[in-house]
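So the structure is just underneath, and the comments pick up after that.
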Amino acid sequence: MRVGIVTATYLPSRNGVATSTALFARGLRDLGHEVRIFAPRHPQMPPREDGVYRLNSSFAGARALGAPADYPVMLAPGPLLTSRLPLRDLDVLHTMHPFLAGQLALRWSRLSGAPVVYTAHTQYDQYLHYAPMPGRVGRAVLRPHVSAFARRVDAVLAPGRAMVDMLREYGFAGRVDLLPNPVDLASFRAATGAAFRAEFHVGPDTPLVMSLGRLAPEKNLDVMLRAFTRARASRPDLRLLVVGDGPSRAPLQAQAPEGVTFTGPVPYARVPEALAAADAFITASTSEVLPMSMIEALAAGTPLVAAQSPAALDLIEEGVNGTVRPATPEALADGLLDTLHPDRLPALQEGARLSAARYDLPVRAAALAAVYERARQERRRR
Numbered sequence: 019m020r021v022g023i024v025t026a027t028y029l030p031s032r033n034g035v036a037t038s039t040a041l042f043a044r045g046l047r048d049l050g051h052e053v054r055i056f057a058p059r060h061p062q063m064p065p066r067e068d069g070v071y072r073l074n075s076s077f078a079g080a081r082a083l084g085a086p087a088d089y090p091v092m093l094a095p096g097p098l099l100t101s102r103l104p105l106r107d108l109d110v111l112h113t114m115h116p117f118l119a120g121q122l123a124l125r126w127s128r129l130s131g132a133p134v135v136y137t138a139h140t141q142y143d144q145y146l147h148y149a150p151m152p153g154r155v156g157r158a159v160l161r162p163h164v165s166a167f168a169r170r171v172d173a174v175l176a177p178g179r180a181m182v183d184m185l186r187e188y189g190f191a192g193r194v195d196l197l198p199n200p201v202d203l204a205s206f207r208a209a210t211g212a213a214f215r216a217e218f219h220v221g222p223d224t225p226l227v228m229s230l231g232r233l234a235p236e237k238n239l240d241v242m243l244r245a246f247t248r249a250r251a252s253r254p255d256l257r258l259l260v261v262g263d264g265p266s267r268a269p270l271q272a273q274a275p276e277g278v279t280f281t282g283p284v285p286y287a288r289v290p291e292a293l294a295a296a297d298a299f300i301t302a303s304t305s306e307v308l309p310m311s312m313i314e315a316l317a318a319g320t321p322l323v324a325a326q327s328p329a330a331l332d333l334i335e336e337g338v339n340g341t342v343r344p345a346t347p348e349a350l351a352d353g354l355l356d357t358l359h360p361d362r363l364p365a366l367q368e369g370a371r372l373s374a375a376r377y378d379l380p381v382r383a384a385a386l387a388a389v390y391e392r393a394r395q396e397r398r399r400r
């Protein structure tokens, strides 16, 4: 198949949608499919990218809309640029966004006759505090738009149950198939964390907890830090590495409790060794859909300690690969101490590795290709 992926965010931007899109593209190509990615220009993009077609973008627009600093806003291509894009022979179009990227996918499907697949990745209600408008206005505009977009496409996917619930709440009653994000398990199976520990002065026998992801208000990072402080009262040797960057980094780092180190962002190639260095992964966020970082932690054999959320319930089998607790410092601290107990930790680490198998890239890419083929067949029947 010739697959066109229309995305509002792509590497080198650092977020789950960009990462999962790049992984799916690789997995589909490994299966013999041709993948063309249509994405916004980025100042740090490589000089040559096979199969990637860059559209004009604006960082000023990103700031005006409250988007993350590493998230250029795609601009609509004009007729001349559109005429130069390889669109007319596509077999399927796939988008992760109901806004401009999604509208382009619908428009371009009319050129090729290809079906459009939409993956709902983002709980937009959780991010309205970034938008330059009152929350109630944002919700009134957002919800009917997303629902109407989902009704116009040929197939709707969701990486986890949180997104299915969101679509239902927004008013979409059609079919939604679950398709979790992929992980390249090979890179995580081979990873060791010794060098990463040494870089941040964590001894080989020191119990190490890790948080990895964007540092932003919706992540409940203050709750996570208070949970760590409570757990450290019982385990004074406990350390926490907070890996990542974002608007909350500076204020949190300025008042970081003892035992906490903010590492800043790390290149994605180092994520396997970072997660392999940890004994447990902690998150207090309740806004996640099916975060790549949590799946990657499982792949590295790092059990999860997570605040209760649909994403946590999707990923965690209690007592097998981690624990789900209420989103309070007390509950998360107890979960962390239980997970790190020497009598339980080895079994949880093995359970984490085994549970990650369902997210392996070849498995997920084959499942996505099957969705594409079904959408093509249904479009032909119509």
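Plus 18 on top of the position in the sequence shown (first one is 1) and you've got my numbering.
Even glycine gets a Cβ: it sits at the ideal position worked out from N, Cα and C.
Rounded straight-line distance, which links the Cα of residue j to that of residue i
{"i": "ARG394", "j": "GLN271", "result": "50 Å"}
{"i": "PHE190", "j": "VAL182", "result": "9 Å"}
{"i": "MET184", "j": "PHE214", "result": "38 Å"}
{"i": "LEU333", "j": "PRO321", "result": "11 Å"}
{"i": "TRP126", "j": "ALA385", "result": "24 Å"}
{"i": "ARG288", "j": "ARG400", "result": "47 Å"}
{"i": "TYR286", "j": "ALA216", "result": "19 Å"}
{"i": "ARG248", "j": "THR304", "result": "20 Å"}
{"i": "GLY262", "j": "ARG397", "result": "42 Å"}
{"i": "GLY319", "j": "TYR136", "result": "31 Å"}
{"i": "PRO61", "j": "ARG54", "result": "20 Å"}
{"i": "THR25", "j": "PHE299", "result": "29 Å"}
{"i": "ARG170", "j": "ALA351", "result": "45 Å"}
{"i": "LEU98", "j": "HIS112", "result": "23 Å"}
{"i": "PRO344", "j": "TYR188", "result": "26 Å"}
{"i": "ASP223", "j": "GLU52", "result": "47 Å"}
{"i": "VAL164", "j": "PRO116", "result": "6 Å"}
{"i": "SER76", "j": "LEU29", "result": "16 Å"}
{"i": "GLU336", "j": "PRO275", "result": "29 Å"}
{"i": "LEU230", "j": "PRO283", "result": "9 Å"}
{"i": "ASP195", "j": "ARG106", "result": "27 Å"}
{"i": "GLU348", "j": "ALA245", "result": "6 Å"}
{"i": "PHE42", "j": "MET63", "result": "19 Å"}
{"i": "ARG59", "j": "GLU67", "result": "12 Å"}
{"i": "GLY22", "j": "PHE56", "result": "7 Å"}
{"i": "PRO65", "j": "PRO360", "result": "49 Å"}
{"i": "ARG392", "j": "ASP202", "result": "25 Å"}
{"i": "GLU314", "j": "PRO290", "result": "7 Å"}
{"i": "THR281", "j": "ARG47", "result": "34 Å"}
{"i": "GLN273", "j": "VAL110", "result": "50 Å"}
Pair within 8 Å by beta-carbon distance, residue i and residue j
{"i": "GLY211", "j": "ALA295", "result": "yes"}
{"i": "MET114", "j": "VAL35", "result": "yes"}
{"i": "MET228", "j": "ALA292", "result": "yes"}
{"i": "SER205", "j": "LEU355", "result": "no"}
{"i": "SER31", "j": "TYR89", "result": "yes"}
{"i": "THR301", "j": "MET312", "result": "yes"}
{"i": "GLY131", "j": "PHE167", "result": "no"}
{"i": "ALA176", "j": "ALA138", "result": "yes"}
{"i": "LEU401", "j": "PRO200", "result": "Nothing about residue 401 can be reported from this structure: the residues present for the chain run from 19 to 400 only."}
{"i": "GLY340", "j": "ALA370", "result": "yes"}
{"i": "ARG186", "j": "LEU108", "result": "no"}
{"i": "LEU233", "j": "LEU226", "result": "no"}
{"i": "ASP297", "j": "LEU363", "result": "yes"}
Chain-order list of residues whose beta-carbon lies under 6 Å from that of residue i (same chain, five-residue window excluded)
{"i": "THR279", "result": "PHE218, LEU259"}
{"i": "TYR401", "result": "Coverage of the chain is limited to positions 19 through 400, which leaves residue 401 absent and any answer about it impossible."}
{"i": "ARG81", "result": "Only weak support is given to the placement of ARG81: the predicted model assigns it a pLDDT of 48, under 50, and the value that follows is read from those uncertain coordinates. Taken in chain order, the list of residues that qualify is empty."}
{"i": "PRO152", "result": "Per-residue confidence for PRO152 stands at a pLDDT of 48, beneath the threshold of 50, marking its modelled position as unreliable; the derived number appears in the next sentence. Nothing meets the Cβ criterion."}
{"i": "VAL220", "result": "LEU226, ARG257"}
{"i": "VAL338", "result": "GLY369"}
heavy atom of the ligand ADP below 7 Å from residue i C-beta
{"i": "GLY221", "result": "This structure simply doesn't include the ligand ADP, nor any ligand for that matter."}
Expected contact under 8 Å - CB spacing of residue i and residue j to nearest Å
{"i": "VAL342", "j": "GLN367", "result": "No, VAL342 and GLN367 are not in contact; Cβ-Cβ is about 17 Å, not under 8 Å."}
{"i": "ARG382", "j": "GLY45", "result": "7 Å"}
{"i": "THR140", "j": "VAL307", "result": "7 Å"}
{"i": "ARG161", "j": "VAL174", "result": "In fact, because the Cβ distance is near 15 Å, the residues do not count as touching under 8 Å."}
{"i": "VAL323", "j": "GLY277", "result": "VAL323 to GLY277, Cβ: 16 Å. No contact."}
Same chain, Cβ closer than 7 Å to residue i, neighbours up to 5 away in sequence not counted
{"i": "THR27", "result": "ASN33, VAL35, ALA36, TYR89"}
{"i": "LEU124", "result": "VAL134, ARG170"}
{"i": "LEU129", "result": "LEU105, ARG106"}
{"i": "LEU49", "result": "ALA383, ALA384, ALA387"}
{"i": "THR100", "result": "none"}
{"i": "ASP172", "result": "PRO133, VAL134, VAL135, ALA393, GLU396, ARG397"}
Beta-carbon contacts of residue i that lie in its chain and below 8 Å, excluding the five residues immediately before and after
{"i": "ALA95", "result": "The residue asked about is misnamed: residue 95 is Pro in this sequence, not Ala. Same-chain partners within the cutoff: LEU73, ASN74, LEU103, LEU122."}
{"i": "LEU197", "result": "THR137, LEU175, ALA176, PRO177, ARG382, ALA385, LEU386, VAL389"}
{"i": "ALA180", "result": "GLN141, GLU306, VAL307, LEU308, SER327, PRO328, ALA329, ASP332"}
At least three beta-carbon pairs within less than 8 Å, the stretch 266-284 to the stretch 367-386: no
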